[in-house]
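Chemist: Protein chains in written order, with UniProt numbering: chain G, 1 to 339; chain F, 1 to 339.
In this text, a Cβ means the ideal position worked out from N, Cα and C, and glycines have one as well.
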DNA sequence: CCGGAAGTTGCAAAGGATTACATTTGTTGC
DNA sequence: GCAACAAATGTAATCCTTTGCAACTTCCGG
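(1) Could you list which residues in chain G have their beta carbon closer than 9 Å to that of residue 268 of chain F, in chain order?
(2) Counting only C-beta atoms, is residue 323 of chain G closer than 8 Å to chain F at any point?
(3) Verify whether the separation of the beta carbon atoms of residue 48 of chain G and residue 132 of chain F is less than 8 Å.
(4) Taking residue 83 of chain F as the reference, give the member of F:140, F:300, F:257 and F:42 with the closest Cα.
(5) Starting from the beta carbon of residue 48 of chain F, find every residue of chain G whose beta carbon is closer than 7 Å, and list them in chain order.
(6) Which first and last residues belong to the alpha helix (DSSP H) in which residue 101 of chain F is found?
(7) Where does residue 242 of chain F fall in DSSP's three states?
(8) Per DSSP, what kind of secondary structure is residue 179 of chain F in: helix, strand or coil?
(9) Could you give the C-beta distance for residue 279 of chain F and residue 324 of chain F, rounded to a whole number, given that I count them as a contact under 8 Å?
(10) Between residue 170 of chain G and residue 243 of chain G, is the Cβ-Cβ spacing less than 8 Å?
(11) Output, in sequence order along the chain, the residues in the region 87-106 of chain F whose CB is closer than 7 Å to any CB in chain G.
(12) Between the region 254-282 of chain F and chain G, which residues of the former have a C-beta closer than 8 Å to a C-beta of the latter?
(13) Using the DSSP secondary-structure output, state which residues sit across from residue 76 of chain G in a beta bridge.
(14) Under 8 Å, Cβ to Cβ, is there at least one residue of chain G near residue 127 of chain F?
(15) To the nearest angstrom, report how far apart residue 180 of chain G and residue 72 of chain G are at their CA atoms.
(16) Quick check: the region 198-207 of chain G against the region 182-190 of chain G, are at least 3 beta-carbon pairs closer than 8 Å?
(17) Inspect the beta-carbon positions of residue 317 of chain F and residue 290 of chain F and report whether they are closer than 8 Å.
(18) In chain G, which residues lie less than 7 Å from residue 135 of chain F when you measure between Cβ atoms?
(19) Could you tell me which of F:235, F:234, F:232 and F:241 sits nearest to residue 215 of chain F, measuring between CA atoms?
(20) Looking only at DSSP bridge pairs, what is residue 269 of chain G linked to?
(21) Reducing DSSP to helix, strand and coil, say where residue 315 of chain G ends up.
(22) Near residue 339 of chain F, what residues of its chain come up, given a Cβ to Cβ distance below 7 Å and the 5 sequence neighbours on each side ignored?
(23) Are the C-beta atoms of residue 220 of chain G and some chain F residue less than 8 Å apart?
(24) Identify which residue in G:239, G:128, G:254 and G:15 has its Cα closest to the Cα of residue 285 of chain G.
(25) Compare the C-beta of residue 286 of chain F against all C-beta atoms of chain G and say whether one is closer than 8 Å.
(26) In whole angstroms, give me the CA-to-CA distance for residue 137 of chain G and residue 89 of chain G.
(27) Return the first residue and the last residue of the beta strand (DSSP E) that residue 154 of chain F is part of.
(28) Tell me which same chain residues have a C-beta within less than 7 Å of the C-beta of residue 274 of chain F, skipping the five on either side of it?
(29) Roughly how far, in whole angstroms, is the beta-carbon of residue 304 of chain G from the beta-carbon of residue 79 of chain G, given that I think they are within contact range, below 8 Å?
(30) For residue 185 of chain G, go through chain F and note every residue whose CB falls closer than 8 Å to its CB, in chain order.
(31) If you draw a straight line from the C-alpha of residue 261 of chain F to the C-alpha of residue 219 of chain G, how long is it?
(32) Could you name the residues of chain G that residue 71 of chain F contacts, counting a contact when the two beta carbons are closer than 7 Å?
(33) Assess, as a yes-or-no matter, whether the region 33-47 of chain G is touched by the region 4-17 of chain G under the definition of 3 or more beta carbon pairs within less than 8 Å.
(34) Which residue comes first and which comes last in the alpha helix (DSSP H) that contains residue 53 of chain G?
(35) Can you tell which of F:106, F:165, F:143 and F:65 has the C-alpha that lies nearest to the C-alpha of residue 157 of chain F?
(36) Give a yes or no on whether 8 Å exceeds the smallest Cβ distance from residue 52 of chain F to chain G.
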């Protein structure tokens, strides 16, 4: 069931059928109609392998992500896919599972499929994988790399802006004892967030004392652990900003198990603004990071690369604070607001 | 940079290089080594389009799912991908977004890519899509279809067993006023769950009274709404089983907003056992549905189809109850257990 | 040292679409 | 009604691998 069968049925050449398939303008409307009828009647399905072999385009883009199970990524994938779909492009993704080896492997697999673009949304890279990319001229876009890599565009998040909003919000509520729950130091994205928090504190003039940073794992379990550590202190902080929502949820749980009430005893702020924030009790105040915006910038960056258009090499995304019920004036609801 | 370049560099023919690439046994070890060296030195990446065009195999399998954002699916995808990866097979998926049109479209796209197998994990099918599948001999496996389709294997979940466990658990705790929160009647999976609940009640001899079924939307918002409805009743049920976890989380939220305590005032059971169950307060008792098992059965069903092996046409998965903190003896913790 | 089997390798024909270029058909102005 | 040009269509080469078959080696027993 190939294009030849269709051509015969429609009484044209394969070239014409191909033109109809590719919506080429140089086909008479009547002819195109005949071809389309033949396609429908024969239930013809074009062979994508042949198409991309010949044309050099695969109409497929690849996403490299850390872990589909982190709700951040499905959101991103969904938006990316929907956008790509509007342009007739399919999407496939590879889970790196935070492993450099799986990253290299993923890059290889995507290149073998001849994808028309790769968005790298994970922060565990590998020299080998990057070199592989460089050897091709496949468009690539990175997310949140601490430094520009191989002259590829890099979409970054202005973490400092985000944390400054958070710290300001807490100060308004009268908090001065503000701590930070960081992610694993091996993750470059976690490290960047930690540094940004410190910078934000400095910018707000809150760095008189020793910076107050706990270390977590970006998972719920880690948050739970830190909650215990936190509340067994003689003089715990009155507010905690977490490097991501998962850990904030863990803190919430840990607090509840210890009988500590949130936000009365501790104001809590997460990062990412996953749907989880609204599912949890009390609903979590969080820094919203728009997946739609990331997806859209990534997609257009890749499209630009495809069409030899100039690539924007810097693109900054601003998080914004979404206030819910996990933050309150210091000292419980009886506390007063600070001007 | 094609196979010919490698062949020349290694001083062999393209056929030999191809054999090395495909791990064919009929190549002398020394030759294979020379070829591998050449491949590495040239940074050669085989062209998958050409490979699958010629061989008829794509080493790609497709997943059709409803919505990546429902945490049920990422789990499934992850397991499926990991399993497929061990067999050198890549995975791509299509979101149907619960739309029949997107389903048809998804099927078409997967067929165009020449996938070696399609797992249909969604329940909005379309005649058109199914017909497209039938026209090919691509292996297909379904999940939870109410009836066998086109002689394709169908993996089903024994919902009745699951709900019987749930009802038994509640009876042990002394509950007799047990209600059910159903999903949208348009979703066949929701309908099947509702029917199974009623069957389970019958099996437990709990069907003396009128069945007590609320209607939801399988989302958090729907659960929240039903909570309001529920607690404004004169004599509300003492236990509620939900068709999925998302709605149970919504009920939890709604209850909390109304100041109703769970499990004291209402025992709550969800379905699926998403990670959400542990993130939420109180942790949700839920019926665990193993994504790993589903993924594994689906994958092997497709593999079987690939190798012209006999296909198992029925495969049943048993959910099991995971008891957490959202269920308690009737009448609050002071209630007595019924023997 | 030969015949034949078994093991390696090469030759060349697919596989199904796209596309540059050639050719045919249609249109327009006069 | 015809030249000249534009539009539509066809021809055939090409994309890169895989693989059936043929050809060549190697190895062994006799």
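Modeler: Here's the rundown:
(1) The contacting residues do not exist; residue 268 of chain F stays about 13 Å from chain G at best.
(2) Interface flag for residue 323 of chain G against chain F is unset, since no Cβ pair is found closer than 8 Å.
(3) No.
(4) Of F:140, F:300, F:257 and F:42, the residue nearest in Cα terms is F:300.
(5) Here the neighbours are 112, 113 and 114.
(6) Element bounds for residue 101 of chain F: 100-112.
(7) Three-state DSSP puts residue 242 of chain F in a strand.
(8) In the structure shown, residue 179 of chain F sits in a strand (DSSP, three-state: E or B).
(9) Not confirmed; about 11 Å, so no contact.
(10) Contact flag unset, no.
(11) Those would be 90, 92 and 95, in chain order.
(12) Under the 8 Å Cβ criterion, the region 254-282 of chain F contributes 256, 275, 276, 278, 279, 280 and 281.
(13) Looking at the DSSP output, residue 76 of chain G shares a beta bridge with no other residue.
(14) No, its Cβ sits nowhere closer than 8 Å to a Cβ of chain G.
(15) Roughly 21 Å separates the two Cα atoms.
(16) With contact defined as three or more Cβ pairs closer than 8 Å, the region 182-190 of chain G and the region 198-207 of chain G are not in contact.
(17) Remark: C-beta atoms of residue 317 of chain F and residue 290 of chain F approach each other more closely than 8 Å.
(18) The contacting residues are 43.
(19) The residue with the shortest Cα to Cα distance from residue 215 of chain F is F:241.
(20) The partner list for residue 269 of chain G (beta bridge, DSSP) reads G:241 and G:285.
(21) DSSP, read as helix, strand or coil, puts residue 315 of chain G in strand.
(22) Because the pLDDT at residue 339 of chain F is just 37, under 50, the model does not fix this residue reliably, and the point stays unresolved.
(23) Yes, residue 220 of chain G lies at the interface with chain F (some Cβ there is under 8 Å from its Cβ).
(24) If we check each option's Cα against that of residue 285 of chain G, G:239 comes out closest.
(25) For residue 286 of chain F, the answer is no, since every Cβ of chain G falls outside 8 Å of its Cβ.
(26) Rounded to the nearest whole angstrom, the C-alpha separation of residue 137 of chain G and residue 89 of chain G is 18 Å.
(27) Per DSSP, residue 154 of chain F belongs to the beta strand (DSSP E) from 154-157.
(28) Cβ within range, chain order: 71, 72 and 245.
(29) Contact between residue 304 of chain G and residue 79 of chain G is absent: CB atoms are separated by about 18 Å, not below the 8 Å threshold.
(30) What residue 185 of chain G touches in chain F: nothing, since even the nearest Cβ is about 24 Å away.
(31) Rounded to whole angstroms, residue 261 of chain F to residue 219 of chain G spans 28 Å at the Cα level.
(32) Near residue 71 of chain F (Cβ distances below 7 Å), the residues of chain G are 71.
(33) Touching, yes, given that three or more Cβ pairs across the two stretches are closer than 8 Å.
(34) Note, residue 53 of chain G: alpha helix (DSSP H), 48-55.
(35) Cα-wise, what sits closest to residue 157 of chain F is F:143.
(36) Chain G contact via Cβ: present.
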